[in-house]
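Structure, as structure tokens:
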Amino acid sequence: MTEILGMMSSLRQLRRETHIDLRHLEQEQENFHIQYNQYEEINRALNSLQGREGQQGAEAKVLLLQNQNAEMQQNLKMKVAAIEEARRAYWQKQLTNFQRLQALLEVVESELAMYKREQQLAGNGTPITRSLDQFQTCKLKVAFQRQRNYASGANIVPHFIWFEGLAESTWEMRQQITAFQRLSESSRFRFNDQVIQVDSLAAEVTKFLSTLITKAFVIENQPPQVVKTGTKFTASVRLLVGGKLNIHMISPQVTASIVSEAQARQLYQRDNSQTSRIDTCGEILNNKGTMEYHPSGRQLTASFRCMQLRKIKRTEKKGNECVVMDKKFALLFQTSFKIAGDVPVEVWALSLPVVVIVHGIQEPNAWATVSWDNAFAEAGRAPFDVPDHAPWPRVAEMLNAKFMSACGRSLTEDNLWFLAAKAFRSHAPQDYNGLSLTWSQFCKEPLKDRGFTFWEWFYQILKLTQGDLCFLWNTGLILGFIGREQTREVLRRCRPGTFLLRFSDSELGGISISTITSSPGTSKEKGYRFLEDAVTPTPCSRGSRGPLASASGSGRTTPRRYDDALYPVDYMEILRDLTGDMEESQDLDVNANNLPNGINITGARG
Numbered sequence: 001m002t003e004i005l006g007m008m009s010s011l012r013q014l015r016r017e018t019h020i021d022l023r024h025l026e027q028e029q030e031n032f033h034i035q036y037n038q039y040e041e042i043n044r045a046l047n048s049l050q051g052r053e054g055q056q057g058a059e060a061k062v063l064l065l066q067n068q069n070a071e072m073q074q075n076l077k078m079k080v081a082a083i084e085e086a087r088r089a090y091w092q093k094q095l096t097n098f099q100r101l102q103a104l105l106e107v108v109e110s111e112l113a114m115y116k117r118e119q120q121l122a123g124n125g126t127p128i129t130r131s132l133d134q135f136q137t138c139k140l141k142v143a144f145q146r147q148r149n150y151a152s153g154a155n156i157v158p159h160f161i162w163f164e165g166l167a168e169s170t171w172e173m174r175q176q177i178t179a180f181q182r183l184s185e186s187s188r189f190r191f192n193d194q195v196i197q198v199d200s201l202a203a204e205v206t207k208f209l210s211t212l213i214t215k216a217f218v219i220e221n222q223p224p225q226v227v228k229t230g231t232k233f234t235a236s237v238r239l240l241v242g243g244k245l246n247i248h249m250i251s252p253q254v255t256a257s258i259v260s261e262a263q264a265r266q267l268y269q270r271d272n273s274q275t276s277r278i279d280t281c282g283e284i285l286n287n288k289g290t291m292e293y294h295p296s297g298r299q300l301t302a303s304f305r306c307m308q309l310r311k312i313k314r315t316e317k318k319g320n321e322c323v324v325m326d327k328k329f330a331l332l333f334q335t336s337f338k339i340a341g342d343v344p345v346e347v348w349a350l351s352l353p354v355v356v357i358v359h360g361i362q363e364p365n366a367w368a369t370v371s372w373d374n375a376f377a378e379a380g381r382a383p384f385d386v387p388d389h390a391p392w393p394r395v396a397e398m399l400n401a402k403f404m405s406a407c408g409r410s411l412t413e414d415n416l417w418f419l420a421a422k423a424f425r426s427h428a429p430q431d432y433n434g435l436s437l438t439w440s441q442f443c444k445e446p447l448k449d450r451g452f453t454f455w456e457w458f459y460q461i462l463k464l465t466q467g468d469l470c471f472l473w474n475t476g477l478i479l480g481f482i483g484r485e486q487t488r489e490v491l492r493r494c495r496p497g498t499f500l501l502r503f504s505d506s507e508l509g510g511i512s513i514s515t516i517t518s519s520p521g522t523s524k525e526k527g528y529r530f531l532e533d534a535v536t537p538t539p540c541s542r543g544s545r546g547p548l549a550s551a552s553g554s555g556r557t558t559p560r561r562y563d564d565a566l567y568p569v570d571y572m573e574i575l576r577d578l579t580g581d582m583e584e585s586q587d588l589d590v591n592a593n594n595l596p597n598g599i600n601i602t603g604a605r606g
């Protein structure tokens with residue numbers, strides 16, 4: 001850590017030193033040329049006198065000039081040696097400078113990779129803690145610092161490691177090397193410093209600058225990861241070098257296209273100069289945007305506000321729905337421009353994986369593909385490789401993040417245990433944290449005795465809760481993830497009239513209202529009247545936390561973790577929100593097909 005911070009703090013000083021050293025070399029070379037001219041004048045005079053031997057005073061002048069010539073030769077040799085030494089020292093500083101620039105780019109790039117990873121996890125609902133501004137205009141912490149808060153004082157990395165600062169430093173270094181090249185070419189003397197490979201370093205610095213700008217080209221707002229053909233969507237890209245290098249004066253035009261997984265792989269196997277020749281696999285309307293500069297935030301961005309995927313080319317045969325929904329695409333954003341009119345740069349950025357659908361019925365399977373990829377993609381992968389199995393704790397983390405983001409309250413340990421048992425098709429109590437869930441168990445294989453998969457069941461519950469039951473879920477009035485047998489055990493210890501809400505095991509997107517009766521009668525009319533009595537507000541149901549059917553009786557006998565779900569705040573309003581106002585003649589033998597929001601009512605006898 002100390003070594004890296006020291007390297008960062010010395011980079012600016014090195015730049016200043018190389019600037020001063022270059023001016024000094026220019027002065028020394030000018031002095032050398034002056035002395036060399038004097039040396040040549042002495043030689044010409046000496047040759048002229050030697051041609052007039054025998055003239056009075058000629059021998060004395062020749063001797064004087066010979067002494068001056070010898071002295072001048074000695075001075076010039078010393079001057080050449082000093083200049084060569086200064087040139088080598090200067091060159092070594094530039095090499096060190098370049099190495100530290102490369103190291104700093106690695107630090108910034110590692111931080112940016114973590115931001116991009118957060119962007120991907122945000123697709124599953126995890127909040128983003130980093131901001132792109134920190135990579136451009138804010139002081140950036142070292143990648144090795146794990147704490148979230150910035151350090152203070154000397155522990156803050158100086159501002160010159162921003163993308164803007166890196167670009168500015170690299171451009172200045174390139175100018176210094178170019179000036180050094182001109183200085184060498186203008187010299188009348190060929191210095192003996194073959195170790196100085198000016199052309200080679202100049203090419204490397206130019207390539208580094210191009211790489212830097214390419215890495216600074218990022219997708220600020222990702223396109224939706226499930227894209228339906230014919231539906232409008234948005235995205236935006238940003239160049240993190242902002243107003244540096246006068247790029248904002250060019251106003252580059254960015255083009256968006258859609259590529260397949262195979263075409264995305266080609267991008268990582270080709271040079272940047274060849275990205276424009278990558279084939280695409282679809283047609284996007286309104287796919288061009290001009291980068292605009294916003295001086296207040298020094299942001300150079302291009303926004304795509306009304307894109308629409310008109311058509312997509314697939315290699316899969318029609319009819320194989322599962323294979324189609326497994327296939328991932330990506331949006332490719334690319335542009336090209338010249339820096340200072342002579343350095344061509346072609347930059348591109350690839351979006352997070354996208355699944356293309358043509359009908360809403362394909363959405364659940366598409367989100368299965370996207371959610372799995374977002375959660376388990378590994379750094380540095382080839383597009384879009386992802387493991388076919390994952391440890392259950394990470395799967396649980398993904399499911400919890402999605403539920404928390406969509407519905408506002410996280411899943412409990414009991415909820416996650418229930419989900420694990422369902423996903424692994426197991427009813428025997430066990431520790432699932434040591435197991436791995438396969439992709440097939442997640443979304444391919446139907447649940448036991450059911451015509452749907454684990455993901456389809458979970459996804460419809462998520463949509464139901466997000467759309468209609470958020471209040472009940474967030475206030476703890478839905479127990480939700482509990483099986484039929486466990487429901488019976490819970491209600492058996494409760495007073496008659498107590499009911500709970502749980503997610504249906506047999507109906508996709510259904511919720512069951514389970515209640516305990518005081519009579520083993522099975523008539524619908526009797527069951528209905530009792531349920532109506534059970535949800536009629538009693539004095540203890542408003543402003544207090546008491547038993548559901550009556551304020552009197554014995555104390556609670558239910559487990560503490562079920563209290564909220566068994567003792568709601570206003571039961572009549574809640575049930576009416578779920579089912580609508582019930583009339584005397586209404587039939588309670590209902591299922592998810594004839595109740596609003598897919599709700600059914602079941603009885604648990606005690």
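Here the sequence shown stands for residues 1 to 606, numbered as in UniProt numbering. Backbone N, C-alpha and C define an ideal beta-carbon position, used for all residues, glycine too. These figures come from a predicted structure and were not determined experimentally.
Taking the Cβ atom as the reference point for each residue, do residue i and residue j lie within a distance shorter than 7 Å?
i	j	result
Ser236	Thr301	yes
Ala179	Leu245	no
residue 617	Phe217	Summary: the structure shown does not reach residue 617, with the chain confined to residues 1 through 606, and so no result is reported for it.
Gly509	Gln460	yes
Leu105	Phe163	no
Val354	Ala330	yes
Pro383	Arg484	no
Ser514	Thr475	no
Asn69	Ile42	yes
Leu332	Ser257	yes
At what residues does the alpha helix (DSSP H) containing residue i begin and finish?
i	result
Ser336	Unbroken run through Ser336 is the beta strand (DSSP E), Phe329 to Ile339; no alpha helix (DSSP H).
Cys443	Trp439 to Cys443
Arg495	From DSSP, Arg495 is part of no alpha helix (DSSP H); its letter is neither H nor E.
Lys402	Trp392 to Cys407
Thr465	Phe454 to Asp468
Glu185	Phe163 to Ser186
Lys377	Before going further, note that residue 377 is Ala rather than Lys in the sequence given. No alpha helix (DSSP H) contains Ala377, which DSSP labels as neither H nor E.
Given this structure, state the Cα-to-Cα distance separating residue i from residue j, to the nearest angstrom.
i	j	result
Ser200	Arg174	12 Å
Ala604	Phe481	Confidence at Ala604 is low in this model, with a pLDDT of 39, below 50, so the placement of that residue should be treated as unreliable; the coordinate-derived value is given next. Approximately 16 Å, taken between the alpha carbons.
Asp279	Gln263	7 Å
Gly230	Val370	20 Å
Ser187	Gln181	10 Å
Glu172	Arg12	11 Å
Ser506	Phe452	9 Å
Tyr90	Thr18	6 Å
Glu378	Ala390	12 Å
Arg314	Ser351	19 Å
Thr465	Ala406	8 Å
Gln120	Ala113	11 Å
Trp392	Leu285	41 Å
Phe503	Gly434	26 Å
Leu437	Arg425	11 Å
Pro295	Ile196	41 Å
If contacts are defined as beta-carbon pairs under 8 Å, then residue i and residue j qualify, I think. What distance do you get, rounded to the angstrom?
i	j	result
Ala401	Thr126	5 Å
Lys327	Glu283	No, Lys327 and Glu283 are not in contact; Cβ-Cβ is about 17 Å, not under 8 Å.
Phe458	Leu399	7 Å
Lys232	Cys306	6 Å
Gln334	Thr255	6 Å
May I ask which residues mark the beginning and end of the beta strand (DSSP E) holding residue i?
i	result
Arg238	Lys232 to Leu239
Thr290	Lys288 to Thr290
Ser512	Ile511 to Thr517
Lys215	Per DSSP, Lys215 belongs to no beta strand (DSSP E); it is in the alpha helix (DSSP H), Val198 to Lys215.
Ser110	Taken as a continuous stretch (DSSP letters only), Ser110 belongs to no beta strand (DSSP E), being part of the alpha helix (DSSP H) at Ala58 to Ala122.
Ser410	Run containing Ser410: none; DSSP gives neither H nor E here.
residue 628	Nothing in the structure corresponds to residue 628, since the chain is present only between 1 and 606.
Residues in the same chain with beta-carbon distance under 6 Å from residue i, minus the five sequence neighbours each way, listed in chain order, please.
i	result
residue 614	Lying before the first or after the last residue shown, residue 614 is absent from the chain, which here runs from 1 to 606.
Phe418	Phe481
Pro252	Met291, Thr335 and Phe337
Leu49	Ala58, Lys61 and Val62
Lys463	none
Asp21	Tyr90
With a CB to CB cut of under 7 Å and the five nearest residues on each side skipped, what residues in its chain are close to residue i?
i	result
Tyr293	Gly243, His248 and Leu300
Glu220	Leu132, Ser236, Val237, Arg238 and Thr301
Thr170	Leu101, Val205, Phe208, Leu209 and Leu212
Ser303	Ser236 and Gly289
Is residue i a contact residue of the ligand NAD, with contact defined as CB to any heavy atom under 6 Å?
i	result
Ala45	Although the ligand NAD was asked about, the structure shown includes no ligands whatsoever.
Apart from the five residues on each side of it in sequence, which residues of its chain come closer than 8 Å, Cβ to Cβ, to residue i?
i	result
Ile177	Gln94, Val198, Leu201, Ala202 and Val205
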